[in-house]
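Each remark here refers to the structure printed beneath this line.
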């Protein structure tokens with residue numbers, strides 16, 4: 001197969017090999033130097049392409065596609081500052097072990113050395129965050145070169161998916177000579193057709209994973225607790241193993257283990273620390289715990305705390321980890337779980353039920369919208385995936401979501417940037433997605449909607465006039481000019497933003513109306529914004545009432 005110029009040949013091979021490695025979605029931001037890549041990928045029948053004009057949004061759209069799909073996310077940018085805009089998504093992918101391929105176009109090295117316009121050192125941008133980096137081009141027309149390009153692409157996909165270490169972001173930086181359009185003479189530059197054989201795709205796929213360690217950590221008749229957090233494991237199997245052995249399992253919302261009999265009210269159950277009689281002999285932390293900081297009370301009882309993660313990503317926030325095991329947590333427990341003290345699991349389940357009834361009673365007694373009440377309403381709506389913004393929304397979902405379902409939040413570094421783009425990426429893979437966010441996170445990534453394709457998606461926007469989380473922090477009491485410096489009320493009409501981007505919009509002013517409205521919106525086409533106004537003072541009062549109800553129930 002011949003190509004009109006070397007750059008078109010290089011781009012065609014890259015696109016073909018990515019498809020051979022199972023990639024089927026590409027998020028593209030427009031630019032000149034990336035022309036050959038964009039045209040090759042868009043012309044490849046195995047790819048669906050989505051265009052975002054903002055590279056930061058594009059990076060998070062690809063990240064969302066990766067967390068909800070079965071292959072790495074792929075984002076394509078031109079050279080220069082466009083590449084730097086991917087950094088926030090790269091940092092999140094690094095900390096969250098999300099496979100992400102950064103296909104960044106570049107100018108030839110001599111142009112970078114001469115500081116030509118729209119050039120920079122694209123190697124240093126992601127230093128410390130990548131699983132691998134490959135430098136390709138400019139293309140040389142000689143036998144063997146296309147095979148080298150294919151090998152680099154295959155190695156990049158393998159590294160991103162964790163064949164040698166933890167999954168995460170990988171950069172393929174590709175320098176292109178002009179012409180970058182598929183002709184030999186574009187009117188300002190000329191190149192000979194590329195004659196070397198580009199050979200068929202290899203289709204290589206790597207399924208190698210790091211070897212698991214399975215060490216005995218359990219004793220018969222003991223009081224073990226499993227805290228199931230966000231991670232790469234089968235949550236349903238984990239719950240089943242724990243049930244069989246009589247091990248209480250505290251399942252975070254991000255674990256995927258809700259609605260299976262696991263303890264879910266632990267945030268309020270631990271309001272005054274660990275209740276008497278529920279102190280463990282051993283704690284096994286699976287994946288990344290959180291976001292409730294009250295889990296730290298369990299980890300501070302003096303019992304050994306063993307962290308288990310498939311990729312060795314241990315989050316020792318309380319500084320109490322006694323051992324870290326890089327292993328598949330389900331396999332470890334299947335091999336080593338032993339029967340616990342009789343009645344141990346039932347004790348936790350009973351307290352869980354008591355506290356849940358108490359908090360449900362408080363929430364059902366008012367029709368005024370609050371953050372906890374909005375999260376609770378999601379239990380009464382049929383959705384297939386739930387994307388949750390950092391700060392208060394993810395904390396409220398963790399405390400009040402009880403139904404089963406796939407839940408994601410960008411908790412690697414817990415930024416609010418890129419949330420809407422991440423949600424769009426998830427919705428492109430999972431029909432029936434709801435995204436729960438605060439007003440600041442929604443506004444922060446409003447460029448997410450500057451795209452050519454928006455899948456059906458419902459945004460539930462908690463409009464509490466800024467950063468409500470700060471009302472619960474010391475700044476609320478001790479910081480002068482608190483609202484302006486920390487809450488940062490945006491003072492924007494979200495309906496105008498929705499109108500500007502052509503989104504559906506509705507406002508809900510009562511808890512009774514919310515679930516029916518969400519059930520309707522999740523069946524609609526396109527993007528729908530459901531705004532729920534929340535009074536910050538009432539919201540803080542509700543959180544205090546929930547804690548008080550839990551204390552009374554535990555007496």
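In our numbering, the protein residues as written are 1 to 555.
We treat Cβ as the ideally placed atom computed from N, Cα and C, and that holds for glycine.
In this structure, residue 358 lies near residue 553, with their beta-carbon atoms less than 7 Å apart. Sequence-distant partners of residue 157 (beyond 5 residues in either direction) whose C-beta falls short of 6 Å from its own C-beta, in its chain, are 21.
DSSP places residue 537 in the helix class (H, G or I) of the three-state scheme.
Under the three-state reduction of DSSP output, residue 325 falls in the strand class. Take the alpha-carbon of residue 393 and the one of residue 251: they are about 17 Å apart. A straight line joining the alpha-carbon of residue 97 with that of residue 140 spans about 35 Å.
Cα atoms of residue 496 and residue 400: separation of roughly 31 Å, rounded to the nearest angstrom. According to the DSSP secondary-structure assignment, residue 25 is paired through a beta bridge with 48.
Beta-bridge partners assigned by DSSP to residue 164: none are found.
Look at the beta carbons and you see the stretch 262-269 not touching the stretch 326-336: under three pairs across the two are nearer than 8 Å.
DSSP places residue 228 in the strand class (E or B) of the three-state scheme.
In the DSSP assignment, residue 401 falls outside any alpha helix (DSSP H), carrying neither H nor E.
Under the DSSP assignment, residue 425 falls in the alpha helix (DSSP H) whose first and last residues are 419-429. For residue 408, the pairing in a beta bridge is given by DSSP as 387. DSSP lists 230 as the beta-bridge partner residues of residue 288. By a beta-carbon distance limit of 8 Å, residue 221 does not contact residue 239. Their separation comes to about 21 Å.
Between the stretch 363-381 and the stretch 507-527 there are three or more inter-stretch CB-CB distances shorter than 8 Å, so the stretches are counted as touching. Contact between the stretch 65-81 and the stretch 434-443 is absent: fewer than 3 CB-CB pairs across the two stretches fall below 8 Å. Unbroken beta strand (DSSP E) stretches of 3 residues or longer found wholly inside the stretch 471-535: 504-508 and 527-533, given in chain order.
By the criterion of a C-beta distance shorter than 7 Å, residue 259 is surrounded in its chain by 402, 403 and 404, once the five residues flanking it on both sides are discounted. For residue 484, the closest alpha carbon among the candidates 466, 49 and 472 is that of 466. The stretch 232-312 contains, as complete beta strand (DSSP E) runs of 3+ residues, the segments 249-251, 282-286 and 305-309 (chain order).
Linking residue 354 to residue 374 through their CA atoms gives a straight-line distance of about 21 Å. With 16 or more other Cβ atoms from the protein chains shown falling within 10 Å of its own Cβ, residue 29 counts as buried. In this structure, residue 109 and residue 100 do not form a Cβ contact; the two beta carbons are roughly 25 Å apart against a cut-off of 8 Å. As DSSP reads the structure, residue 380 sits in no beta bridge. In the three-state reduction of the DSSP assignment, residue 14 falls in the helix class. At a Cβ-Cβ threshold of 7 Å, residue 35 and residue 193 do not count as neighbours. Counting along the chain, the unbroken beta strand (DSSP E) around residue 105 starts and ends at 100-106. Boundaries of the beta strand (DSSP E) around residue 438: 433-438. For residue 169, the enclosing beta strand (DSSP E) stretches over residues 169-175. Cβ-Cβ distances below 6 Å link residue 69 to 429 in the same chain, with the five nearest sequence neighbours on each side left out; the list follows chain order. The alpha-carbon separation between residue 274 and residue 242 amounts to approximately 20 Å. For the pair residue 89 and residue 124, the Cα-to-Cα distance works out to about 16 Å. In the structure shown, residue 442 adopts helical secondary structure according to DSSP, grouped into three states. Residue 454 has its alpha-carbon roughly 30 Å from the corresponding atom of residue 487.
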